[in-house]
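Structure, as structure tokens:
In UniProt numbering, the protein residues as written are 1 to 138.
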């Protein structure tokens with residue numbers, strides 16, 4: 001089982017692990033912003049402020065001593081465009097309609113949503129991932 005998914009190849013208009021999905025040109029700037037946030041922070045959580053599963057992920061990370069960068073898409077300027085980009089990166093690349101948020105990036109790579117984060121926590125692999133990303137020092 002692969003815990004961390006490689007971030008999709010971030011070409012100007014190609015999205016997906018093989019560059020098999022095209023990103024609309026008007027979303028390229030937003031794509032770069034999402035990419036920059038993911039790469040520039042140890043842990044990033046894209047969420048909605050009223051999403052209970054997002055709340056669970058945030059509380060888990062806070063409880064572990066992580067201070068994630070949190071982007072509430074419903075409150076962020078350009079949040080709708082970020083949501084579209086995340087859908088293309090996450091759901092579009094996997095070809096299904098899975099729940100898009102929370103979308104958790106650790107060390108610049110997409111870790112997953114609530115299921116993956118909780119699975120990693122339960123099986124003991126989350127803390128080492130967070131340490132490797134520089135989000136935890138203990």
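Cβ coordinates follow ideal geometry from the N, Cα and C atoms, glycine included.
In the DSSP assignment, find the unbroken beta strand (DSSP E) run with residue i in it and report its ends.
i: residue 109; result: 109–112
i: residue 101; result: It is not in any beta strand (DSSP E) - residue 101 carries neither H nor E in the DSSP assignment.
i: residue 72; result: 69–72
Which same chain residues end up closer than 8 Å to residue i when comparing Cβ atoms and leaving out the 5 residues on each side of it in sequence?
i: residue 65; result: 136, 138
Are residue i and residue j closer than 8 Å when you measure CB to CB?
i: residue 117; j: residue 104; result: yes
i: residue 52; j: residue 45; result: no
i: residue 73; j: residue 88; result: no
i: residue 81; j: residue 129; result: no
i: residue 69; j: residue 37; result: yes
Go ahead and label residue i buried or exposed: buried means 16 or more other beta carbons lie within 10 angstroms of its beta carbon, across all protein chains shown.
i: residue 17; result: The predicted model places residue 17 with a pLDDT of 44, which falls under 50 and marks its position as unreliable; any figure quoted below should be read in that light. That one is exposed.
i: residue 59; result: exposed
i: residue 40; result: exposed
Please go through the same chain and pick out, in chain order, the residues whose beta-carbon is closer than 7 Å to the beta-carbon of residue i, but skip the five residues on each side of it.
i: residue 95; result: The predicted position of residue 95 is uncertain, since its pLDDT is 49 and thus under 50; a value taken from the coordinates is nonetheless stated next. Here the set comprises nothing.
i: residue 86; result: 34, 46, 100, 103
What are the start and end residues of the alpha helix (DSSP H) that includes residue i?
i: residue 132; result: 126–132
i: residue 84; result: 79–86
Which same chain residues end up closer than 6 Å to residue i when comparing Cβ atoms and leaving out the 5 residues on each side of it in sequence?
i: residue 133; result: 42, 106, 107
Problem - Every unbroken alpha helix (DSSP H) within the region 17–51, with a cutoff of 4 residues, ordered by chain - result: Segments of the alpha helix (DSSP H) lying fully in the region 17–51: 28–40.
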